[in-house]
Amino acid sequence: SSAPRQGRSRARGAGICRARLAPLACGPRMTEWNASEYHRRSGLQQWLAETSLAQLALTGDERVLDVGCGDGRITAEIAARLPRGGAVGVDASHDMVEFARAQAAGANLTFEVADARALPYEGQFDLVVSFNALHWVARQAEALAGIRRALRPGGRARLQMVPRGPRRSLEAVIDETRAAPAWASCF
C-alpha cells in the first residue's frame, strides 16, 4: 500500500492508514495523498471513471469541473474531448495537484488546489464530475452545495461515490445467489 504522510513529511511505518490507496494524512483531515503511488495503483478508479465517461455525451465546447481530480488522468481525458471548451481539475491534496500539473498539459486544462466543501466557483461550468472522491469528504452537503453553485443554469453533474455500508465481495454475492432457492437449480 502507499505510504501515508502526516502533514507534508513522510511517515515511517507507524500510523499507516488501512486503505489500499492510503491518504497521506490519516484521521479526520485526509487531504494529502502520495500522488505517484496513487497513480501507480489507481487502475480500478481509472476504469470506473472511463466507464462512466463513455456514457457521457459532450459537444466539445463545455466547461467541465472535476472535483477530486487526483492525479489528473481523468481530467486530461475530459479536456481532450473538449476542443472548444476546457476542464478544471481540483483536489484538496497539494501533492495530487502538483503531480497532475506535471503529468498533463494543455491550453484547455488547469489544476487547482481546492476543498470540495468550499469550491470557489459561481455558475462557471456546464458539467461537474467527481469519480470516487466525494465519499472522502466529511461534510458532503457542503460539497454538493458548492457543486450546485459551480454549475451554470441548466448545467449537470455526474457524481460517482462509494456507498456507505458493507460492500461484500463478488464471490460472496455469487455464493449467496447460488444458494438461493430460486437460483440453486441453475448452478
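If you count the sequence shown from 1, you need to add 4 to reach this note's numbering.
Yeah, the Cβ is synthetic: ideal placement off N, Cα and C, and Gly gets one too.
All of these numbers come straight from a predicted model, not from anything done at the bench.
Closest by C-alpha distance to A58, out of L69, R67 and I82, is I82. When beta bridges are read from the DSSP output, L86 appears opposite no residue. The C-alpha of R162 is placed about 24 Å away from the C-alpha of Q107. The Cβ atoms of D130 and G93 lie no closer than 8 Å to each other. In the DSSP annotation of this structure, the continuous segment of the beta strand (DSSP E) that includes G159 starts and ends at L155 to Q164.
Taking a contact as a CB-CB distance under 8 Å, the pair A154 and G74 does not count as one, their CB atoms being some 18 Å apart. The three-state reading of DSSP puts S97 in coil, since its state is none of H, G, I, E or B. Cβ neighbours of H139 within its own chain (closer than 7 Å, five residues either side excluded): M165 and V166. Closest option to L148, judged by alpha-carbon separation, among P170, A176, E175 and D119: D119. Within its own chain, the residues whose Cβ lies closer than 6 Å to the Cβ of L62, once the five positions on either side in sequence are excluded, are R85, listed in chain order.
In terms of Cβ geometry, V133 and V68 form a close pair [threshold 8 Å].
The Cβ atoms of L113 and A145 do not sit closer than 8 Å to each other.
E116: member of the beta strand (DSSP E) spanning L113 to V117, first to last residue.
CA-to-CA, the gap between D70 and T79 works out to about 6 Å. In the structure shown, R143 falls within a coil segment according to DSSP collapsed to helix, strand and coil.
A149 carries a helical assignment under DSSP once its states are collapsed to helix, strand and coil.
For L62, the three-state secondary structure derived from DSSP is coil.
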